[in-house]
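J.: I have a structure here, written as structure tokens, and I will follow up with some questions on it.
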Amino acid sequence: MSLNGKTAVITGSNSGIGLGVARELARAGADVVLNSFTDRDEDHALAAEIGKEFGVTARYIKADMSKGDECRQLIADAGKCDILVNNAGIQHVAPIDQFPVEKWDAIIAINMNSAFHTTAAALPLMREAGWGRIVNIASAHGLTASPFKAAYIAAKHGVVGMSKTVALETAQEPITCNAICPGYVLTPLVEAQIPDTMKEYNMSREDVVKNVMLTRQPSKEFATVEQLGGTTVFLCSDAAAQITGTTISVDGGWTAL
């Protein structure tokens with residue numbers, strides 16, 4: 000599957016799911032634009048490494064996804080955006096009557112509003128190019144709920160709904176918009192939590208993963224960033240040209256419960 004000649008912008012992509020998606024898009028031949036809110040030497044070095052490894056053009060552009068003007072400027076600075084992957088996100092857990100207002104505002108801004116701003120800025124470029132793919136990284140929590148995650152769940156449900164609207168608005172154009180809904184994914188952040196959880200519950204790594212972290216994931220296995228990247232590449236392929244306005248769950252059966 001070749002994405003040669005395409006440029007992909009992936010928000011929140013200097014680590015975790017976003018980085019995994021960027022790597023798989025680059026593996027398929029797409030030039031990639033990495034993004035986060037930092038502007039460190041290692042951010043730019045990471046892009047350079049991906050470019051060298053896969054023989055593509057890879058750049059890093061700083062933009063704060065909590066700020067609408069910076070979201071739109073990211074697309075302008077990219078100059079070309081055939082593939083847009085809205086991945087940036089944060090989380091906070093608290094009962095709704097104790098949920099800090101500033102955390103609510105930040106989660107809604109980064110997890111949902113940023114996708115509105117980048118999509119609005121990218122669509123004219125896609126229309127000019129005559130082709131486009133928008134992939135929103137939502138969550139199993141975009142389709143179901145858990146307690147104490149009100150802002151995250153509201154944002155992810157919003158992303159799923161917006162994906163459907165964008166798909167309808169572009170249905171007669173060579174542009175698609177879909178949402179991927181991961182369950183628990185093995186990222187460096189999650190991996191780092193396992194040793195402390197083992198100590199807390201006095202369990203083996205296997206027992207912690209299966210009986211604590213993946214209680215709601217029937218497969219009892221984490222999804223991987225490579226699997227999410229591969230799903231994204233598929234949605235960008237010709238095989239997925241008539242897949243639009245829908246969700247693809249990569250959740251080990253979570254939402255089948």
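Numbering follows numbering that gives the first Met the number 0, with no gaps: position 137 of the sequence shown is 136. All C-beta atoms in this analysis are idealised placements derived from N, C-alpha and C, irrespective of residue type, glycine included. Values in this document were obtained by computation on a predicted structure and should not be read as measured data.
1) When you compare the CB of Gly28 with every CB in chain B, is at least one pair closer than 8 Å?
2) What does Lys61 pair with, by DSSP beta-bridge criteria?
3) Starting from Pro181, follow its DSSP beta bridges and name the residues at the other end.
4) Sort Cys70, Thr231, Ala87 and Arg22 by Cα distance to Gly54 and report the nearest one.
5) Taking C-beta to C-beta, are Ala128 and Ile74 nearer than 8 Å?
6) Which value, in whole angstroms, describes the spacing of the CA atoms of Ile174 and Val208?
7) Start and end of the beta strand (DSSP E) containing Thr6?
8) Figure out for me which residue from Ala27, Ile133, Ser218 and Ser12 has the closest Cα to the Cα of Ser1.
9) Among the residues of its own chain, which have a CB less than 6 Å from the CB of Lys79, if the five just before and after it don't count?
10) Should Asn86 and Ser12 be called a contact, given that it needs their Cβ atoms to be closer than 8 Å?
11) Unbroken alpha helix (DSSP H) runs of length 4 or more, entirely within the region 60-142: which are they?
12) Going by beta-carbon coordinates alone, are Gln216 and Gly182 separated by less than 8 Å?
13) What three-state label does DSSP hand Thr175 in the structure shown?
14) First and last residue of the alpha helix (DSSP H) that includes Lys209?
15) Within the chosen definition, does the region 234-244 reach the region 186-201 through at least 3 CB pairs nearer than 8 Å?
16) Which class does Thr223 belong to by DSSP, given the choice of helix, strand or coil?
17) Count the CB pairs spanning the region 93-105 and the region 127-145 that are closer than 8 Å, and state whether there are at least three.
18) Looking only at its chain, what residues have a beta carbon closer than 7 Å to the beta carbon of Asp63, apart from the 5 residues adjacent to it on each side?
19) Going by alpha carbons, who is nearest to Val224 out of Val249, Asp40 and Ala166?
20) Use the C-beta contact count for Thr164: other C-beta atoms within 10 angstroms, 16 or more gives buried, fewer gives exposed.
21) Run through the DSSP bridge pairs and tell me what Asp237 is partnered with.
22) For Ser145, count neighbouring C-beta atoms within 10 Å of its own C-beta (all shown protein chains included) and say buried if the count is 16 or more, exposed if not.
23) Looking only at its chain, what residues have a beta carbon closer than 6 Å to the beta carbon of Ala339, apart from the 5 residues adjacent to it on each side?
24) Output needed for Met125: all residues of its chain with C-beta closer than 6 Å, excluding positions within five of it in sequence on either side, in chain order.
T.: On the basis of the data shown:
1) Reference to chain B is not applicable here, since this structure consists of a single protein chain.
2) Ser35
3) Val249
4) Arg22
5) no
6) 39 Å
7) Thr6 to Ile9
8) Ala27
9) Thr6
10) yes
11) 67-77, 100-107 and 113-128
12) yes
13) strand
14) Unbroken run through Lys209: none, as it is neither H nor E.
15) no
16) strand
17) no
18) Phe36 and Glu69
19) Val249
20) exposed
21) For Asp237, which the question treats as bridged, DSSP gives no partner whatsoever.
22) exposed
23) With the chain covering 0 to 256 only, the question about residue 339 has no answer from this structure.
24) Gly131 and Ile174
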